[in-house]
Amino acid sequence: MDYLLNIVMLAGINMIAVLGVAVFTGFTGLFSLGHAAFVGIGAYTSGVLTYHWNAPFFLAILAGMAVTGVSSLIIGIPTLRANLRSDYFAITILGFGEALRVSLENLSITNGARGLSLDELSHPAWVFGALAVSVLLTRNFLKSRFGAMFMAVREDPVAAEMAGINLFRTRLLSLVVSAVLCGLSGALLAHRLAFIQPVMFTMTQSTQLLATVIAGGMGSMSGPLIVSFIFTSMPEALRWLNMWRLPAYGLLLVLIMIYRPQGLLGYREVPSLLRGGLEKWRIRFSR
Amino acid sequence: MLLQTLVTGLSIGGIYSLMAVGYSLIASILSFSNFAHGAVIMLGAYIGLALATKLNLGLGLVLTGGVIGAGFIAVFNERIAYAALRHRNAPPLYLMISAMGCSMFLENMVYATIGSRLYGFPEFFKRQVVHVWGSSLSLLDVSAFVVSMAAILALHIFIMRTRTGIAIRAGVGDMTMCSLMGVNTDRLISIVFFLAGAFAGVAGIFLGVKYLVYPTMGWVTNKAYIAAVIGGLGSLPGALIGGLILGVVETLVSTYVSSVVRDIFSFSMLIALLICLPNGLMGRETEEKV
Numbered sequence: 013m014d015y016l017l018n019i020v021m022l023a024g025i026n027m028i029a030v031l032g033v034a035v036f037t038g039f040t041g042l043f044s045l046g047h048a049a050f051v052g053i054g055a056y057t058s059g060v061l062t063y064h065w066n067a068p069f070f071l072a073i074l075a076g077m078a079v080t081g082v083s084s085l086i087i088g089i090p091t092l093r094a095n096l097r098s099d100y101f102a103i104t105i106l107g108f109g110e111a112l113r114v115s116l117e118n119l120s121i122t123n124g125a126r127g128l129s130l131d132e133l134s135h136p137a138w139v140f141g142a143l144a145v146s147v148l149l150t151r152n153f154l155k156s157r158f159g160a161m162f163m164a165v166r167e168d169p170v171a172a173e174m175a176g177i178n179l180f181r182t183r184l185l186s187l188v189v190s191a192v193l194c195g196l197s198g199a200l201l202a203h204r205l206a207f208i209q210p211v212m213f214t215m216t217q218s219t220q221l222l223a224t225v226i227a228g229g230m231g232s233m234s235g236p237l238i239v240s241f242i243f244t245s246m247p248e249a250l251r252w253l254n255m256w257r258l259p260a261y262g263l264l265l266v267l268i269m270i271y272r273p274q275g276l277l278g279y280r281e282v283p284s285l286l287r288g289g290l291e292k293w294r295i296r297f298s299r
Numbered sequence: 211m212l213l214q215t216l217v218t219g220l221s222i223g224g225i226y227s228l229m230a231v232g233y234s235l236i237a238s239i240l241s242f243s244n245f246a247h248g249a250v251i252m253l254g255a256y257i258g259l260a261l262a263t264k265l266n267l268g269l270g271l272v273l274t275g276g277v278i279g280a281g282f283i284a285v286f287n288e289r290i291a292y293a294a295l296r297h298r299n300a301p302p303l304y305l306m307i308s309a310m311g312c313s314m315f316l317e318n319m320v321y322a323t324i325g326s327r328l329y330g331f332p333e334f335f336k337r338q339v340v341h342v343w344g345s346s347l348s349l350l351d352v353s354a355f356v357v358s359m360a361a362i363l364a365l366h367i368f369i370m371r372t373r374t375g376i377a378i379r380a381g382v383g384d385m386t387m388c389s390l391m392g393v394n395t396d397r398l399i400s401i402v403f404f405l406a407g408a409f410a411g412v413a414g415i416f417l418g419v420k421y422l423v424y425p426t427m428g429w430v431t432n433k434a435y436i437a438a439v440i441g442g443l444g445s446l447p448g449a450l451i452g453g454l455i456l457g458v459v460e461t462l463v464s465t466y467v468s469s470v471v472r473d474i475f476s477f478s479m480l481i482a483l484l485i486c487l488p489n490g491l492m493g494r495e496t497e498e499k500v
């Protein structure tokens with residue numbers, strides 16, 4: 013039972029980060045190869061706080077989220093300002109992720125490449141509470157004016173700008189929201205695994221986050237969440253597959269782009285699908 | 211000492227330029243970032259390694275084999291992963307995701323089949339040195355620089371003087387118009403990918419000879435992307451200059467400051483440049499087409 017709970021908790025923590033990438037890539041249509049860096053910043057900020065200063069867990073999480081948000085502003089402002097070429101952001105965050113790993117490996121406060129051993133503070137209540145709150149808040153946020161702006165920017169940046177949307181501010185807001193979610197995920201992850209190391213937050217992790225969102229479907233929240241759960245729990249069930257997991261993810265990305273760019277649940281959500289299904293049944297039985 | 215550092219910097223810069231040129235060529239014609247470029251470089255190095263160790267070929271034949279092999283890998287990559295997307299006018303985001311998938315697939319296939327062992331090339335240069343003005347320069351560094359400059363010059367002449375080169379330049383300007391003028395765009399794009407792959411092959415073999423060959427060696431293309439952005443995304447002279455500047459600055463920093471801050475420094479340089487010169491040193495004022 014403990015084993016099962018452990019997997020479900022890891023999946024839950026991963027789902028929060030996936031939610032962040034879904035906001036940025038799925039809803040705003042920007043490409044990121046470095047969101048693992050944000051997870052890492054959240055993990056290390058909170059980890060350093062609880063390790064060196066015995067900070068209360070709640071404060072450590074908040075600090076992790078805040079520092080992640082600020083660092084996303086530092087990268088976001090120069091790169092997203094170079095309007096209309098979203099490649100700049102992808103490349104800069106790639107460099108940022110590598111630079112962050114090198115810094116973490118060489119700072120004494122992070123204990124370098126050996127990593128930090130932390131206390132196991134992320135109890136199930138914390139993880140599932142944080143997941144529920146972030147899903148709820150993100151859902152409401154995406155249904156707000158801002159969510160509509162994100163989607164307008166994703167569908168056609170030029171038309172969105174014509175309609176009076178400030179592209180730079182909208183993209184920056186989306187980045188900050190997604191980074192803060194990743195930071196939260198990182199803080200929980202650090203205190204769940206009770207050990208963090210710089211190599212845990214590299215490009216491989218970033219591409220896995222991206223693969224999850226793409227496979228789950230662009231413009232969908234529930235799709236990536238479902239796929240994230242499958243992707244996190246599947247390697248546990250099929251351990252012999254572990255070596256072939258990453259090549260399979262890569263192949264999956266290419267195949268999805270060619271045959272089903274909308275992913276599992278592109279532009280749709282589970283509740284609306286269920287309602288639609290129910291409607292169909294009702295029509296069939298009322299005849 | 212300074213001259214020695216400078217030559218080492220130029221040789222690394224030359225390799226960055228080779229990678230950046232291929233990447234920039236694809237970015238200018240298809241306006242997306244080909245994140246599979248690093249994987250092609252890595253495969254080029256493995257092909258060269260196989261030719262050098264299994265068949266005991268000399269450097270010339272190893273380079274030729276690596277160039278042709280990596281060129282065809284890049285062409286197949288385009289045919290399989292990008293052509294279908296191109297034909298239905300998918301947004302650049304989809305192409306980038308597909309490229310990321312290719313890179314992940316190829317890199318981890320090498321992990322799963324060949325393994326994560328580090329391989330070294332046989333010593334082609336036997337630590338030979340050339341003496342210039344009282345400082346001793348490694349022959350490897352000098353030849354890496356000379357070969358990369360010669361290759362880029364050849365590419366420049368090809369693009370400026372041949373019919374295919376004119377077609378490539380026309381394609382960069384406007385792909386649809388270019389195809390209306392009777393250019394077979396599928397073939398044109400295959401040629402561009404072959405060229406990019408060929409440059410990746412040269413870069414991969416020199417990287418392998420200078421350092422080692424391993425599955426994630428393609429990650430060094432991060433530097434090439436940075437070089438291309440410094441020079442201006444989509445500009446060939448920009449890619450050349452960006453690569454050389456990055457190589458020299460990095461070597462200077464790691465010699466005189468510390469090799470630890472090298473990567474942090476190049477990243478900060480990128481951010482600083484994006485703030486001051488968002489289009490790079492030689493980039494045009496580009497806006498994505500409506």
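Here the protein sequences line up with chains X and U, keeping their order.
For the first sequence, my numbering gives the first residue as 13, with consecutive numbering after it.
For the second sequence, my numbering gives the first residue as 211, with consecutive numbering after it.
Note that the Cβ used here is the ideal one computed from N, Cα and C, for glycine as well.
Within the region 115 to 131 of chain X, those residues whose Cβ lies closer than 8 Å to any Cβ of chain U are, in chain order, Ser115 and Asn118.
Against chain U, the CB of Trp293/X has no partner CB under 8 Å away; the residue lies outside that interface.
Under the three-state reduction of DSSP output, Tyr279/X falls in the coil class, being neither helix nor strand.
About 11 Å separates the CB atoms of Ile226/X and Gly262/X; that is not less than 8 Å, and the two are not in contact.
By the C-beta density criterion, Val145/X is exposed, having fewer than 16 other C-beta atoms within 10 angstroms. With respect to the 8 Å criterion, Ala406/U and Ala284/U are classified as neighbours on the basis of their beta carbons.
Under the DSSP assignment, Val393/U falls outside any alpha helix (DSSP H); it carries neither an H nor an E label. In the structure shown, Leu267/U adopts coil according to DSSP, grouped into three states. Going by beta carbons, Asn26/X and Ser240/X fall inside the 8 Å limit. Secondary structure in the region 322 to 380 of chain U: the alpha helix (DSSP H) runs of 4 residues or longer, each lying completely within the stretch, are 349 to 371 in chain order.
Chain X has no Cβ within less than 8 Å of the Cβ of Met229/U. In the DSSP secondary-structure assignment, Ser84/X is not bridged to any residue. The distance from the Cβ of Phe475/U to that of Val463/U is about 5 Å, consistent with a contact at the 8 Å cut-off. Listed as beta-bridge partners of Ser129/X by DSSP are Phe207/X. Taking the C-beta atoms as reference points, Val192/X is found no nearer than 8 Å to Phe153/X. The Cβ of Leu258/X sits closer than 8 Å to at least one Cβ of chain U. DSSP places Val217/U within a helical segment (H, G or I) once states are collapsed to three. Excluding five sequence positions before and after Leu347/U, the CB atoms of its chain that fall closer than 7 Å to its own CB belong to Gln214, Val217, Val339 and Val340, given in chain order.
Chain U places no beta carbon closer than 8 Å to that of Val239/X, leaving this residue out of the contacts. The shortest CA-to-CA distance from Leu212/U to any of Val342/U, Ile324/U and Ala309/U is the one to Val342/U.
Any Cβ of chain U closer than 8 Å to the Cβ of Ala102/X would place that residue at the interface, and such an atom is present. Under the DSSP definition of a beta bridge, Val423/U partners with Tyr329/U. Of all C-beta pairs linking the region 219 to 230 of chain U to the region 353 to 361 of chain U, three or more are shorter than 8 Å, placing the two stretches in contact.
DSSP, read as helix, strand or coil, puts His47/X in helix. Straight across, the Cα-Cα distance linking Phe315/U with Arg294/X is about 45 Å. A Cβ-Cβ contact shorter than 8 Å links Tyr424/U with Leu328/U.
Excluding residues up to 5 positions away in sequence, Tyr226, Met229, Ala230 and Tyr233 lie with their Cβ nearer than 6 Å to the Cβ of Ala434/U in the same chain. Fewer than three pairs of CB atoms, one per stretch, sit closer than 8 Å, so the region 205 to 221 of chain X makes no contact with the region 63 to 82 of chain X.
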